[in-house]
Structure formats: C-alpha cells, structure tokens
Amino acid sequence: MRQYKYFVLTLTIVAIDQAVKLLVHYNMTMGPAGEINLLGEWFKLHYVLNRGMAFGLSFGAGYGKLALTVFRLLAILFIAYGLFRLTKTKYHAGLLWCIAAILGGAIGNLVDSVFYGALLDNAPYNSITPWFHGQVIDMLYFDFWEGYLPDWFPLWGGKKVALLPIFNMADVAILVGVLGILVFQKTFFRQAESRLTQV
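In our numbering, the protein residues as written are 2 to 200.
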C-alpha cells in the first residue's frame, strides 16, 4: 500500500494540469489579445500552443511529431515502472516524491499530445492525423524581456523570442522534481550507498 501514495501525487498533478489547460482553452483568447496580468506586467496568463518540445523546438507535424509522442509514452511507462520498483526499496522518500512529480508532469503534457489534436482540434494543419499530434497548451509567462535574435543565432535566429518560455503546470511539476533530485541528490542516494556497502 505504501507505494500508492506516490501515484496519488502523480494523478493529482495530472488533474490540476488538465483542469488549468481546459479552463484556459475554453475561457481565453490565444496570444497577446487574451493576455491576463496576474502580478503586474511581469507575470501573466498568455495562451499559446506548443507543438510539444521544450522552448518551442519542433520535429514537424508529420511522422516526427508522432515519433516524439510515442517516445514520450515509452519514457512515461519506464518512469512509472521505475517508480513502482523503487517504492519497494528503502530509497529516500524525497526521491520518490520527486520522481512522482516528474511522472505527473510528463503524463500531463502527453495527454495534450495524444488527445488534444482530435478533441480540441488543435493539431497543426498538415498533420497526418489529429491523434498523437495535439499541441501542448501553455499559459504561464514571466514577461521579463522579448525581442528578435539575429539570423546567425542557432535554432532561434531571426525569430521573436522571450527570455523565458511560456510554460504550464506540468512543466512546473517536472522542473520541481528535477531540481529536487539535483539539490538533494546526496541525501537521496546516501541511503542506497550505505545499503550497498552492507551487502
């Protein structure tokens, strides 16, 4: 029974993430016209669609997007299986909470990719099918700076970019989980090391 509490966190993150995304989709206009200031001019709700990779990178709307979505699904299955196995060991509970948060965030964004193209009709126009080609809904925006990068700049050259990307609740969960593991890794893995030396 001990292991299921971590999956409760995962499911809670998915539920919150999806609720926020659907509220934004059905109640906001995309782009600057629908922007809502939350904290002055620097933290806003700003509805955009992301084809699915971090920082606006894309594999395209055809088989590249399909491959990316399938890869994400396999990664999530691997993480879920790993979390389930780790809950049966004596690893630090903090590590398990962090992995559960990462899993919840990953599932939240996968739901968009798998279903939203068909259910919310947000697949790019040249997609081979709306299923598995949905665009991820992003809305949280720290508006510190945005402008155009010169053409010679790798990947984003010649495009309008923001200092920080627009993100969603799933991204927050992933970031918190990863940062938690990085910051507390010595604490998390000390128990495992001591167990190995006792064998």
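Note that the Cβ used here is the ideal one computed from N, Cα and C, for glycine as well.
Check whether the Cβ of W43 sits closer than 6 Å to any heavy atom of the ligand NAD, and report yes or no.
-> Judged by which ligands are present, the structure shown has none, so any question about the ligand NAD falls away.
Express the C-alpha separation of R52 and F116 in angstroms, rounding to a whole number.
-> Counting from one through the sequence shown, the residue named residue 116 turns up at place 115. Counting from one through the sequence shown, the residue named residue 52 turns up at place 51. When rounded, the distance between both Cα atoms is 13 Å.
G135 vs G109 beta-carbon contact at 7 Å = Stepping through the sequence shown from its first residue, residue 135 is reached at position 134. Stepping through the sequence shown from its first residue, residue 109 is reached at position 108. Not in contact: G135 and G109 (Cβ atoms no closer than 7 Å).
Report yes or no: do three or more beta-carbon pairs, one from the stretch 163 to 175 and one from the stretch 12 to 28, lie closer than 8 Å?
-> Result yes; three or more Cβ-Cβ pairs closer than 8 Å.
Roughly how many angstroms lie between the CA atoms of V49 and K91, to the nearest whole one?
-> Residue numbering aside, residue 49 sits at position 48 when the sequence shown is read from its first letter. Residue numbering aside, residue 91 sits at position 90 when the sequence shown is read from its first letter. So the two alpha carbons sit approximately 42 Å from each other.
Please report how far the alpha carbon of L24 lies from the alpha carbon of A102, in whole angstroms.
-> The sequence position of residue 24 within the sequence shown is 23, counting from 1. The sequence position of residue 102 within the sequence shown is 101, counting from 1. Looking at the two C-alpha atoms, the distance is approximately 22 Å.
Pull up the CB-CB distance for F44 and F143, whole angstroms please, since I reckon it's below 8 Å.
-> Residue numbering aside, residue 44 sits at position 43 when the sequence shown is read from its first letter. Residue numbering aside, residue 143 sits at position 142 when the sequence shown is read from its first letter. Your pair F44 and F143 checks out as a contact, with CB atoms roughly 6 Å apart and the cut at 8 Å.
How is Y27 classed by DSSP in three states: helix, strand or coil?
-> As a position in the sequence shown, residue 27 is number 26, starting the count at 1. Note: Y27 maps to helix in three-state DSSP.
Shortest alpha-carbon distance to R3 belongs to which of G65, L84, H47?
-> Walking along the sequence shown from the start, residue 3 turns up at place 2. Nearest option by C-alpha distance: L84.
Apart from the five residues on each side of it in sequence, which residues of its chain come closer than 6 Å, Cβ to Cβ, to I182?
-> The count along the sequence shown starts at 1 and reaches residue 182 at position 181. Non-local C-beta neighbours of I182 in its own chain, meaning closer than 6 Å and more than five positions away in sequence, comprise C99, ordered along the chain.
Starting from the Cα of L87, find the closest Cα among L176, V184, K6 and give me that residue.
-> What you label residue 87 is simply residue 86 of the sequence shown in a count that begins at 1. Cα-wise, what sits closest to L87 is K6.
Endpoints, alpha helix (DSSP H) assigned at V71 = In the sequence shown, counting from the first residue as 1, residue 71 sits at position 70. Its alpha helix (DSSP H) spans residues 64 to 87.
Where L75 and E147 are concerned, what is the direct C-alpha to C-alpha distance, given to the nearest angstrom?
-> If you number the sequence shown from 1, residue 75 lands on position 74. If you number the sequence shown from 1, residue 147 lands on position 146. C-alpha of L75 to C-alpha of E147: approximately 35 Å in a straight line.
Whole-angstrom distance between E36 and F56, CA atom to CA atom | If you number the sequence shown from 1, residue 56 lands on position 55. If you number the sequence shown from 1, residue 36 lands on position 35. Any reading at F56 needs caution, since the residue's pLDDT is 48, under 50, leaving its predicted position unreliable; the model's value is listed next. Answer to the nearest angstrom: the Cα atoms are 20 Å apart.
Compare the Cα-Cα distances from P33 to each of T13, I175, Q186, I167 and report the closest residue.
-> As a first step, residue 33 is located in the sequence shown; it is residue number 32 there, counting from the start. Of T13, I175, Q186, I167, the smallest CA-CA separation from P33 is found for I167.
For N127, which three-state DSSP category applies?
-> As a first step, residue 127 is located in the sequence shown; it is residue number 126 there, counting from the start. Coil, per DSSP.
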